[in-house]
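Residue numbers (the numbering used here): 907 to 1411.
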Amino acid sequence: MDRRKVIIFDTTLRDGEQSPGASLTTSGKMEIAKQLKKLRVDVIEAGFPISSKGDFEAVKMVSKNIKGPTICALARCIKRDIDTAFEAVKSAKKPRIHVFLATSKIHMKYKLKKAEDEILRLAQWAVKYAKQFLEDVEFSPEDASRTDKDFLYRVIESTITAGATTVNIPDTVGYAMPSEFGSLIRSIKQNVPSIDKCVLSVHCHNDLGLGVANSIAALQNGAGQVECTINGLGERAGNASMEEIVMALQTRHDIFGIDHGIKTEELYKTSQLVSRLTGILVQPNKAIVGANAFSHESGIHQDGILKRRTTYEILKPSDVGVEKTQLVLGKHSGRHAFRERLKKLGFNMSDNDINKSFEEFKKLADKKKEVFDEDIIAIVEDSVREISEKYHLECLQVSSGTNIIPSATLKLICDNETIETASTGDGPVDACYKAIDKATGIKGKLLDYSIRAVTGGKDAVGEVSVRVKAKGKVITGRGTSTDIIEASAKAYLNAMNRLVYKIGK
Ligand code: KIV
Ligand code: ZN
């Protein structure tokens, strides 16, 4: 069997960030980019620089600081987009510009209001224009899987002639079936004369839950690059999940004969980091990185596993970086032990940040006998990694119980000023959220609220996740505390801070 190596193109920071509710700060993007480098992805699509000042800055920062992977910036076939994309990636050691233009009849007629000839001309012009700046140019005919085949071949041929080094075939709306998408890739290879002069890539959305299956079908039919995201984040139902593609290729190498360069032991850590920073939880039954991926509930399965692991496990947890939780620290643990644990958990923090987290750790250890790794991660998230906070919860007092009207009084710090508000509500959380709305002047609608214990035990840290709609946007937020009302307030405030960051208030 022929062996070949697939190029892993990660678009968590671009398409992934387009997930409803997800928004990342520049420092959050940098942190993920550093981890993607550790994961050894080949290409990082760091953003869409024309879309906002924040995105531009983030792509610029990633380009300047992350050496190793190619750094890619997205652009429409518009001069200003391409200029801005180049400005953002130009300091990367290996920069790439990715231009896209829709080619399906429905997109051309209703969205772009342009005829085939004009699309062809624009696509060719954009690749040539980007090519003036750099060698590595990718072109995507958006909605390729619903594009007339002959027209698609012509667009691909003309963009390769114009200098595209990668041509990416997106299943933009997740419409294709695996056999159909595989055939499309094969037919492109057979009908585009210059196809061997470029890398053929795929980008599959997950609207019918087939993103990974379609990507793999494409690889089996000759695609050389796959675009994917951590945890399958992305527009609507998301993109093909990197961890699933990589582990499928690895586990069934006997069928595919396709190698990859991913350091799979970093997958779990990357998934957790992306989840924490985007505020989007990983569903427990998610393949590879979900909390239940390596749990065995039935007695028969447990018995089998004890006799021979491979009876019910096709992957070794350690291959994706899942280790058994170690309980390590308690109230007598010192700064040195804490620092060492942070290192082991993959945090690379300044002394100042370690000191801040250590103080929080000590407070927690006073309330809780055993501090687990998950608690430490929650502490770091809360005390150091907070999104640049416009509003900071200074203090909160809540009263509730049987036969009394729940009420909350709180003090927020906003731009060095103290704001105090109070409210009653249907319950203590409702009262808190109303008091926060009064303080920020932003009325939020709670769409979703969930709470979980970070670890076991009655004294566990509670983690609250919320989805809130405010100012026409949906944002997520997370907060942790041993007091679940405080965790609820922090989660809601975290969402408000993300909103303010997003809309630049
Ligand atoms: O889904 C899509 O078509 C895209 C393109 C920009 C590649 O994200
Ligand atoms: Zn996409």
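Ideal Cβ positions, reconstructed from N, Cα and C, are used throughout, including at glycine.
- Remark: the shortest separation between the CB of H1013 and any heavy atom of the ligand KIV does not fall under 7 Å.
- Within the same chain, M1014, K1017, L1018, E1048, D1049 come within 7 Å of A1008 by CB-CB distance, once the 5 residues on both sides are set aside.
- The segment 1023 to 1042 and the segment 984 to 1002 touch, with no fewer than 3 CB-CB distances between them shorter than 8 Å.
- Taking C-beta atoms as the reference points, L1173 and E1203 fail to come closer than 8 Å.
- Comparing alpha-carbon positions, the option among I1211, S1046, H1166, A1146 lying closest to L1155 turns out to be H1166.
- The C-alpha of I1066 is placed about 11 Å away from the C-alpha of Y1059.
- Inter-residue distance for R946 and F915 is about 10 Å (C-alpha atoms, whole angstroms).
- Placement of the Cβ of L980 at a distance of less than 7 Å from at least one heavy atom of the ligand KIV is found.
- Secondary-structure assignment with DSSP links H1004 through a beta bridge to L980, E1044.
- About 14 Å separates the beta carbons of G1117 and N1074, which is beyond the 8 Å limit, so they are not a contact pair.
- For E963, the closest alpha carbon among the candidates V949, A979, K973, E1229 is that of A979.
- Closest in alpha carbon position to V1374, among V965, P1334, L1405, is L1405.
- Taking I988 as the centre and dropping the five residues before and after it, the same chain places the C-beta of A981, Y1035, A1036 closer than 6 Å to its C-beta, in chain order.
- Between the ligand KIV and the CB of S1387, the shortest heavy atom gap is not smaller than 7 Å.
- DSSP, read as helix, strand or coil, puts Q1131 in strand.
- In the displayed model, L1270 falls within a helix according to three-state DSSP.
- Boundaries of the alpha helix (DSSP H) around F962: 959 to 971.
- Cβ-Cβ distances below 6 Å link L1179 to Q941 in the same chain, with the five nearest sequence neighbours on each side left out; the list follows chain order.
- Within 7 Å of the C-beta of D948 there is not a single heavy atom belonging to the ligand ZN.
- Excluding its 5 nearest sequence neighbours in each direction, H1298 has C-beta neighbours in its own chain below 6 Å: I1319, listed in chain order.
- Secondary structure at C1104: coil, using DSSP grouped into helix, strand and coil.
- Under the three-state reduction of DSSP output, R1052 falls in the helix class.
- Relative to the ligand KIV, H1298 has its C-beta separated by 7 Å or more from all heavy atoms.
- In this structure E1287 is in contact with R1182, their Cβ atoms being roughly 5 Å apart against a cut-off of 8 Å.
- Between the segment 1359 to 1376 and the segment 1387 to 1396, the count of C-beta pairs closer than 8 Å reaches three or more; the two stretches touch.
- The ligand ZN never approaches N971 closely enough for any of its heavy atoms to be under 7 Å from the residue's Cβ.
- Within 10 angstroms of the beta-carbon of C1301 lie fewer than 16 other beta-carbons, which makes it exposed.
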